[in-house]
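Participant: In my numbering, the protein residues as written are 13 to 390.
The structure follows.
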């Protein structure tokens, strides 16, 4: 949806084909949250969307990272950068509805729902989607249909797949104390626990992403000890828990395509790369995909170039490849580092956190990278 809005602002005509109906998208219920970086908020400002989202976005002004429940935590504070909040947490339902309502207002975007795509015919100068609602021809087809992308299948784009043998429980909690715009990331032998501040209930609600390895997940199910184990890890971080939504569980894996495009089909977001949630960067990576592709399409059309040509799409691919690889490697290595229960590795982690916490240079660089305000250049 973001790419469609970006192109509409450039007065480019776009057709959105979606498996869901208009009613389903307007009434979508998704209690999960998304992390929006400072860099992403600036991208959204360029298409006049951030002002609509910001009112329901909870700023993150502090992040505490620790090995279990420890006082020796790695502390990041927004005030040390003077760049605004480290990021924002936004409810997914609100985010999706806000974007879709804006889509429906645009004179340059046509939405067609309840679509079932049967095949795609590719020619030298165009591609045609064959569906239950008719045929649609364009010089370029963008696949933005998530990690189980049909567009990736139709384009025959190969991808790398890695199963982490982990699962993530996602749910929301209401607590008695304010989170004070603070996010917590606690690493345990069985997997990390993230507490993300939400705007609801006068800052007394948080979104939880609790990652566990599959053997531990099976243990939770067998012993019915889910809430007991969670309480031990939560440790009254923001007071007593007064309410909990029903946990939703997802098996974790990474998907990374070997190429971004093929025969007039180009992929963005999770259709091309789906990463581990440990750093909360999935949405931000997809927004940067959309932003770069929109700019390349704009520049190419102004020069009279074919936007679906290999020449144009190769430019997009080269721009995105480094960003994608760095982020996938960073999240992959971070997960590996904190999933290793060796006594030696644990000691190195603890000492590493202490050293890192004392280095303003390293902290500043890592914060700027996580905020989407610079490339990883150190």
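Quick reminder that beta carbons are idealized off the backbone N, C-alpha and C, glycines included.
Kindly identify the DSSP beta-bridge partner or partners of residue 5.
Facilitator: As shown, the chain starts at 13 and ends at 390. That puts residue 5 outside it, with no answer to give.
Participant: Mind checking which residues open and close the alpha helix (DSSP H) that includes residue 294?
Facilitator: On the chain shown, position 282 is the one that residue 294 refers to. Residue 294 -> alpha helix (DSSP H) spans 294-314.
Participant: Residue 120 lies in the beta strand (DSSP E); which residues open and close that run?
Facilitator: Sequence index remark: in the chain shown, residue 120 carries index 108 (1-based). Note, residue 120: premise wrong, no beta strand (DSSP E); not H, not E.
Participant: With a cut-off of 8 Å on the beta carbons, I'd call residue 270 and residue 279 a contact; round off their distance for me.
Facilitator: The count along the chain shown starts at 1 and reaches residue 270 at position 258. The count along the chain shown starts at 1 and reaches residue 279 at position 267. With 8 Å as the limit, residue 270 and residue 279 do not qualify as a contact, their Cβ atoms being about 11 Å apart.
Participant: I want to know whether the segment 299-318 touches the segment 26-33 - three or more CB-CB distances under 8 Å.
Facilitator: At 8 Å Cβ cutoff, the stretches do not touch.
Participant: Compare the C-alpha of residue 63 against each of 20, 142 and 111 and name the closest.
Facilitator: To locate residue 63, count along the chain shown from 1; it is residue 51. Checked all of 20, 142 and 111; the closest Cα to residue 63 is 111.
Participant: I'd like to know if the segment 234-246 and the segment 151-161 are in contact, where contact means that at least 3 CB-CB pairs between them fall below 8 Å.
Facilitator: Result no; under three Cβ-Cβ pairs closer than 8 Å.
Participant: Since I believe residue 209 is in contact with residue 202 (beta carbons under 8 Å), could you give me their beta-carbon distance rounded to a whole number of angstroms?
Facilitator: For this step, residue 202 is matched to residue 190 along the chain shown. For this step, residue 209 is matched to residue 197 along the chain shown. Their Cβ separation, rounded to whole angstroms, is 24 Å, which puts residue 202 and residue 209 out of contact at 8 Å.
Participant: What is the C-beta distance between residue 193 and residue 73, in whole angstroms, given that I count them as a contact (C-beta under 8 Å)?
Facilitator: As a working note, residue 193 is residue 181 in the chain shown. As a working note, residue 73 is residue 61 in the chain shown. Rounded, the Cβ-Cβ distance is 4 Å, consistent with contact.
Participant: Which residue comes first and which comes last in the alpha helix (DSSP H) that contains residue 369?
Facilitator: Here the question's residue 369 lines up with position 357 in the chain shown. Residues 355-370.
Participant: Which residues does DSSP list as the beta-bridge partners of residue 205?
Facilitator: Counted from its first residue, the chain shown places residue 205 at position 193. 198 and 222.
Participant: Below 6 Å CB to CB, which residues in the same chain sit around residue 331 once its five sequence neighbours on both sides are set aside?
Facilitator: The residue labelled residue 331 in the question sits at position 319 within the chain shown. Closer than 6 Å at Cβ, skipping near neighbours: 304.
Participant: So what's residue 89 in DSSP terms, helix, strand or just coil?
Facilitator: For the purposes of this step, residue 89 is taken as the residue at position 77 of the chain shown. Strand.
Participant: Report yes if the CB atom of residue 320 is closer than 7 Å to the CB atom of residue 301, and no otherwise.
Facilitator: Stepping through the chain shown from its first residue, residue 320 is reached at position 308. Stepping through the chain shown from its first residue, residue 301 is reached at position 289. Not a contact, by the Cβ cut-off of 7 Å.
Participant: Do you know offhand how far residue 256's Cα is from residue 180's?
Facilitator: Taking the chain shown and counting its residues from 1, one reaches residue 256 at position 244. Taking the chain shown and counting its residues from 1, one reaches residue 180 at position 168. Those two C-alpha atoms are separated by around 16 Å.
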